[in-house]
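Data first, discussion second: the structure below is written as structure tokens.
In our numbering, the protein residues as written are 9 to 551.
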């Protein structure tokens, strides 16, 4: 009898507990919905004067999200279409989730405002509002690429500022004129000899893969003091794992968008809430793309650990010129330095590789441009001539400079960059911005603005001759203001060095039958027939 009483009491306790949790969960979800509705209503009221993006339902809550998901694999062209002719456009989020309210700026004055004039008000989006940045940090960890500044950071950007100060030392004139020039020229010659073998054998080659290998080998030496030879087919575990993690991170972030928003709003703690709670955690573990990303990041962690330990144990650490040595001497923790390795790879390898890939894509589409560039190279920088900053400058080689800038205009390596406002603000033009709205700028959109660039789809290097350097805000392919890309000059010199060394000796033709588009990663790589590749035939120049 006492056992039955005890069982009955236990059942009552379970029922009361479940009922209590149900009430607690219902109140919690209701509070979130009310708070979200009030915040969203406030955002909508403040943004009422900002023109909506063009498209069905784009002036209604969540109307744009359906189009976004339908166009995710042509996202940049879709943004050009929906923002055409407007200095700034708005996408409205859900009525219960204010984090999806986004403004897309195409006006240089607005770009200057968010990247320079009101720099401290706009920084990287909050992880609780943006699932993409949540998974980006899962991939990259903390570091300069995702580190916040200004009002959006707990330390008001002190950590970001320190990382930038240490990183800037690698770009001193002394190191640039010695280490970087030496490495880029050496690695470009290695790549050229590899491509000449393909020419002699008459085989086609994945040129994009070659450029990623070239920039990877260069960055490994300059940033980490490690010699790598992926350009000639020597495998590198780090590079392969990085690409696997990057690709799966993007796939998982896109596929998780709807569930992330649902879990964070409609499920009570601990199953839902900020970052999606246990439900998001469980979904991640059952996702093959998430598991692949985490497996690859474990490889990256082991390889980064090896690089850091090797550097720390180097008896000549104080004499080393690479960036890893600078960070270690600055007394950063091992875990932090390992995360910085990832950030430097994506900043220093992928961006320049994408620039070179699209440059040579355009050269194969425009053989007359390729021939004219070859003529300039042979006239001013024939085989044996020394490649340095001065000899490859815009004044010395205007057509080469025009080719690179035209590729950057049409195919910016980072085509879209969102910031979040952490305080109410007013943009140039009088448009009001509420706190926690995202304000993004799109170099891809801006480079295709017919008002600035007549016949914007045409590849015309002559646009940049004579060369007048565009302002950072008119041409924000390297960001602008205090977060202007530290490696801008390095990337330009690396791309010009590779282009000159290859075109001195080789002519390139696109392999027929390729359906070319762009990929869906953070950086704008080439996709051919659905794969991240770009095949060419390597030919010789007529005598």
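Cβ atoms here follow ideal geometry from the backbone N, Cα and C, with glycine treated the same way.
Since this is a predicted model, take the numbers as computed values, not measurements.
Closest residue to residue i among the options (Cα-Cα distance)
i	options	result
residue 399	127, 293, 508 and 455	508
residue 430	326, 161, 458 and 210	161
residue 468	406, 512, 414 and 134	414
residue 62	74, 89, 81 and 84	89
residue 310	342, 85 and 530	342
residue 276	35, 324, 250 and 248	35
residue 534	360, 257, 26 and 504	360
residue 146	482, 475 and 298	298
residue 389	433, 438, 367 and 511	511
residue 466	234, 243 and 419	419
residue 394	190, 259, 538 and 235	190
residue 30	92, 54 and 274	274
residue 521	536, 271, 532 and 230	536
residue 240	258, 218, 369 and 291	218
residue 525	80, 46 and 58	80
residue 295	263, 285 and 464	263
residue 451	428, 345 and 532	532
residue 112	366, 423, 376 and 380	423
residue 386	513, 75, 542 and 56	513
Opening and closing residue of the alpha helix (DSSP H) in which residue i lies
i	result
residue 476	Premise fails: residue 476 is in no alpha helix (DSSP H) and is neither H nor E.
residue 252	245-263
residue 559	This structure gives no information on residue 559, because the portion of the chain shown stretches from 9 to 551.
residue 311	296-320
residue 367	359-373
residue 331	331-337
residue 176	166-176
residue 351	342-353
residue 83	83-91
residue 145	139-148
Length of the line joining the Cα atoms of residue i and residue j
i	j	result
residue 77	residue 266	10 angstroms
residue 471	residue 410	7 angstroms
residue 66	residue 22	Confidence at residue 66 is low in this model, with a pLDDT of 49, below 50, so its placement is unreliable and the value that follows should be read with caution. For residue 66 and residue 22, the distance between alpha carbons rounds to 47 angstroms.
residue 326	residue 478	39 angstroms
residue 96	residue 484	16 angstroms
residue 85	residue 124	27 angstroms
residue 491	residue 462	30 angstroms
residue 373	residue 518	7 angstroms
residue 157	residue 26	43 angstroms
residue 83	residue 44	27 angstroms
residue 20	residue 245	58 angstroms
residue 453	residue 94	11 angstroms
residue 151	residue 272	26 angstroms
residue 238	residue 141	30 angstroms
residue 254	residue 270	25 angstroms
residue 489	residue 159	16 angstroms
residue 221	residue 353	12 angstroms
residue 98	residue 322	53 angstroms
residue 18	residue 257	45 angstroms
residue 474	residue 496	21 angstroms
residue 278	residue 306	27 angstroms
residue 28	residue 37	14 angstroms
residue 378	residue 407	10 angstroms
residue 175	residue 551	46 angstroms
residue 476	residue 455	16 angstroms
residue 383	residue 122	42 angstroms
residue 538	residue 300	20 angstroms
residue 500	residue 528	24 angstroms
Residues that residue i bridges to, as DSSP identifies them
i	result
residue 429	130
residue 545	212 and 517
residue 112	97 and 448
residue 525	535
residue 434	440
residue 60	98
residue 485	487
First through last residue of the beta strand (DSSP E) which encompasses residue i
i	result
residue 531	Looking at the DSSP string, residue 531 is not in any beta strand (DSSP E), and its letter there is neither H nor E.
residue 448	446-449
Inset, instruction - Evaluate contact between the stretch 190-207 and the stretch 218-227, counting only Cβ atoms and requiring at least three cross-stretch pairs below 8 angstroms. - result: yes
Inset, instruction - Report yes or no: do the stretch 342-350 and the stretch 310-324 share at least 3 C-beta pairs separated by less than 8 angstroms? - result: yes
Legend entry - the stretch 207-218 / the stretch 536-548 touching (three or more Cβ pairs under 8 angstroms): yes
Legend entry - Contact between the stretch 431-448 and the stretch 111-129 (3+ Cβ pairs under 8 angstroms): yes
Inset, instruction - Would you be able to state if there are at least three C-beta pairs under 8 angstroms between the stretch 440-450 and the stretch 46-53? - result: yes
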